[in-house]
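All remarks here apply to the structure that follows.
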Amino acid sequence: MNEFDLIVVGGGPGGIFTAITAAERGFKVALLEKNKRIGNKILVAGSGKCNLTHTGKPKDFSDKYGQNGKFLKEALNKYSPEMLKMFFKENGLPLVLVEETGKYFPETFSSLDVVDLLKRKMLTLGIKIIEGIKIEGIQKNLEIFSIFTDKGLYKCDNLVLATGGKSYPGVGTTGDGYVMAKELGHKIVPPKPALSPIYVRDYFFQELSGISFQNVKITIWKENKKVIEKKGAVLLTHTNFSGPGILDNSRFVESESQLEINYIGKEYEILNKELIEEMNKDGKKTIKKVLSYYFLPERFIKTILSILEISEELKMAELSKEKRESLVKLLTSNKMEITKVGSFEMAMVTRGGVSLDEVNAKTMESKKIQGLYLVGELLDVDGDTGGYNIQAACSTGVLAGKSMRKKERE
């Protein structure tokens with residue numbers, strides 16, 4: 001009979017760590033995955049190198065998930081980044097820190113090695129892995145869940161939905177879990193793409209694709225109010241702004257928002273004063289030469305001067321006050337109207353999902369249906385780039401696996 005103490009729907013990090021944790025407690029576990037293999041989302045993490053977590057203690061993580069980060073406090077304390085690192089070390093694949101980014105990767109820098117390890121671990125624990133299976137419906141009668149599939153009926157005492165969001169639909173995360181959760185009575189906060197490039201009106205850096213800026217100030221505005229301000233890396237592409245700093249801030253974009261970038265790391269008044277001093281000190285220097293002192297890429301300098309109709313060979317003494325102030329404003333506070341963020345096909349994670357009001361943050365159990373647990377990206381919580389989202393998925397999965405009750409069978 002296909003009867004289990006626990007059935008996990010979804011073979012991503014959240015589902016896998018739920019299954020492992022429960023199996024280690026003696027649960028009879030099955031994991032159902034609609035794709036032909038588990039771990040597809042893990043395979044694309046960190047561009048295939050598998051960024052699993054980030055340096056820092058649980059308390060350092062909370063602000064990386066925005067206003068909903070407090071929901072993860074219990075999960076991150078119960079299963080911290082240190083515990084995740086210890087898991088991989090004990091299972092033969094230590095994680096290594098890339099100092100300049102704070103990111104942790106498997107020592108082989110291979111996501112395939114991570115998936116292979118997790119699958120071996122599950123099989124060793126006796127977890128039944130069923131791949132290529134389609135869920136057709138879920139019902140709960142009395143204390144038993146019935147999962148109807150194209151491969152027959154499965155029953156369980158505890159059910160975990162760990163299906164992920166809608167980002168990267170090519171790997172199978174197409175929002176199925178939202179339908180399942182809604183049919184079981186849960187409210188869904190409308191899903192939106194997150195960690196995605198930002199598109200602006202009148203983008204004028206088409207010819208500068210590949211140029212990047214490190215640790216620049218990025219601000220999202222809405223109705224003249226500052227929504228979020230962070231520092232991070234910005235990458236110019238043929239059509240949009242990308243890079244870790246942009247991706248992180250894209251989570252806070254709503255309709256009629258503006259993007260502001262300070263490319264130079266100085267405030268308006270300071271840069272304006274410095275340019276005046278340069279003009280007074282040696283007015284024969286060209287504006288192009290002076291801007292090169294700020295370590296700006298040459299192609300970028302040429303482009304912004306062209307936009308402002310300032311000759312590259314114009315001498316500082318010949319630069320009008322109006323042109324100087326326009327240049328300073330563009331470099332320190334280039335404010336642009338956002339037209340959209342990248343689609344789910346481009347997004348790394350999903351913003352929105354199962355409402356956190358209906359999930360117990362101390363157990364990940366549904367407040368509406370006893371024995372139902374919801375973990376990972378399916379929930380309405382999302383984090384910055386850098387391993388924060390995989391850590392959240394693993395932590396919520398472990399918390400669910402530790403919290404569920406095992407019923408005695410006759």
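full-length UniProt numbering puts the sequence shown at residues 1 to 410. The beta carbon of each residue, even a glycine, is placed where N, CA and C say it ideally should be.
Cβ-Cβ distance between residue i and residue j below 8 Å
{"i": "K302", "j": "E312", "result": "yes"}
{"i": "L6", "j": "I129", "result": "no"}
{"i": "Y154", "j": "N40", "result": "no"}
{"i": "T18", "j": "A162", "result": "yes"}
{"i": "V328", "j": "L275", "result": "yes"}
{"i": "L305", "j": "M279", "result": "no"}
{"i": "I144", "j": "D157", "result": "yes"}
{"i": "T350", "j": "G165", "result": "yes"}
{"i": "P13", "j": "I390", "result": "yes"}
{"i": "V359", "j": "V160", "result": "no"}
{"i": "residue 415", "j": "I188", "result": "Any property of residue 415 remains undetermined from this structure, which presents the chain solely from 1 to 410."}
{"i": "V234", "j": "S212", "result": "yes"}
{"i": "I287", "j": "L330", "result": "no"}
{"i": "A23", "j": "I127", "result": "yes"}
{"i": "L378", "j": "L356", "result": "no"}
{"i": "S196", "j": "M346", "result": "yes"}
{"i": "F4", "j": "V29", "result": "yes"}
{"i": "L95", "j": "D113", "result": "no"}
Top-ranked residue by Cα proximity to residue i, from the options
{"i": "K49", "options": "F109, E82 and I7", "result": "F109"}
{"i": "G56", "options": "G210, G92 and T101", "result": "T101"}
{"i": "E223", "options": "G232, E337, L159 and L93", "result": "E337"}
{"i": "R201", "options": "K151, K335, A194 and S167", "result": "K335"}
{"i": "D150", "options": "T163, K166, K140 and E131", "result": "E131"}
{"i": "residue 412", "options": "I228, I220 and L236", "result": "Residue 412 lies beyond the range of the chain shown here (1 to 410); nothing can be said about it."}
{"i": "residue 413", "options": "N262, S257 and S333", "result": "Residue 413 falls outside the range modelled here, since the chain spans only 1 to 410, and no answer is possible."}
{"i": "I227", "options": "G243, S255 and F205", "result": "The question names Ile, yet the displayed sequence has Val at residue 227. When each option's Cα is compared against that of V227, the closest is S255."}
{"i": "R37", "options": "G11, I127 and Y65", "result": "G11"}
{"i": "E207", "options": "F241, L374 and L399", "result": "F241"}
{"i": "I147", "options": "L184, E107 and Y199", "result": "L184"}
{"i": "S47", "options": "P106, K140 and E90", "result": "P106"}
{"i": "K121", "options": "M180, F88 and G352", "result": "F88"}
{"i": "G371", "options": "D176, S403, Y199 and V115", "result": "S403"}
{"i": "E267", "options": "K289, K407 and E325", "result": "E325"}
{"i": "K119", "options": "T174, P169, Y104 and L43", "result": "L43"}
{"i": "K316", "options": "I307, K289, E298 and K192", "result": "According to the sequence shown, residue 316 is Met rather than Lys. Residue K289 is the option with its Cα nearest to M316."}
{"i": "E373", "options": "R405, F205 and Y388", "result": "Residue identity check: residue 373 is Tyr in the sequence provided, not Glu. For Y373, the nearest C-alpha among the options comes from R405."}
{"i": "S111", "options": "L52, L125 and N141", "result": "L52"}
{"i": "F205", "options": "L97, I307, K281 and S167", "result": "I307"}
{"i": "N141", "options": "E377, I369, K273 and L399", "result": "I369"}
{"i": "V98", "options": "F344, E408, G387 and L399", "result": "G387"}
Where the alpha helix (DSSP H) containing residue i begins and where it ends
{"i": "C394", "result": "Y388 to S403"}
{"i": "F105", "result": "That residue, F105, is in no alpha helix (DSSP H); its beta strand (DSSP E) goes K103 to P106."}
{"i": "Y178", "result": "D176 to E183"}
{"i": "K336", "result": "In the sequence as presented, Lys is not what sits at residue 336; that position holds Met. Not the alpha helix (DSSP H): M336 falls in the beta strand (DSSP E), residues N334 to V341."}
{"i": "D113", "result": "S111 to T124"}
{"i": "A162", "result": "Unbroken run through A162: none, as it is neither H nor E."}
{"i": "K273", "result": "Y268 to K281"}
{"i": "L291", "result": "I287 to S292"}
{"i": "I301", "result": "E298 to I307"}
{"i": "D248", "result": "P244 to S250"}
Local Cβ density within 10 Å of residue i, reported as buried at 16 or more and exposed below that
{"i": "K362", "result": "exposed"}
{"i": "K182", "result": "exposed"}
{"i": "K34", "result": "buried"}
{"i": "V341", "result": "buried"}
{"i": "H238", "result": "exposed"}
{"i": "V8", "result": "buried"}
{"i": "K64", "result": "buried"}
{"i": "G26", "result": "exposed"}
{"i": "P190", "result": "exposed"}
{"i": "T332", "result": "buried"}
{"i": "G283", "result": "exposed"}
{"i": "L76", "result": "buried"}
{"i": "G245", "result": "buried"}
{"i": "M86", "result": "exposed"}
{"i": "residue 458", "result": "Here the chain has residues from 1 to 410 only, and residue 458 is not among them."}
{"i": "K103", "result": "buried"}
{"i": "D116", "result": "exposed"}
Residue i - containing beta strand (DSSP E), residue span
{"i": "K231", "result": "K225 to L236"}
{"i": "Y373", "result": "L372 to L374"}
{"i": "V216", "result": "S212 to K222"}
{"i": "T350", "result": "V349 to V354"}
Within 8 Å, do at least three Cβ pairs link the stretch 377-395 to the stretch 60-80? Touching, per the Cβ criterion.
Would you call the stretch 386-405 in contact with the stretch 75-86, where contact means no fewer than 3 C-beta pairs closer than 8 Å? Contact between the stretch 386-405 and the stretch 75-86 is present, because at least three Cβ pairs lie under 8 Å.
Just checking, does the stretch 250-262 make contact with the stretch 288-295 on the three C-beta pairs under 8 Å criterion? no
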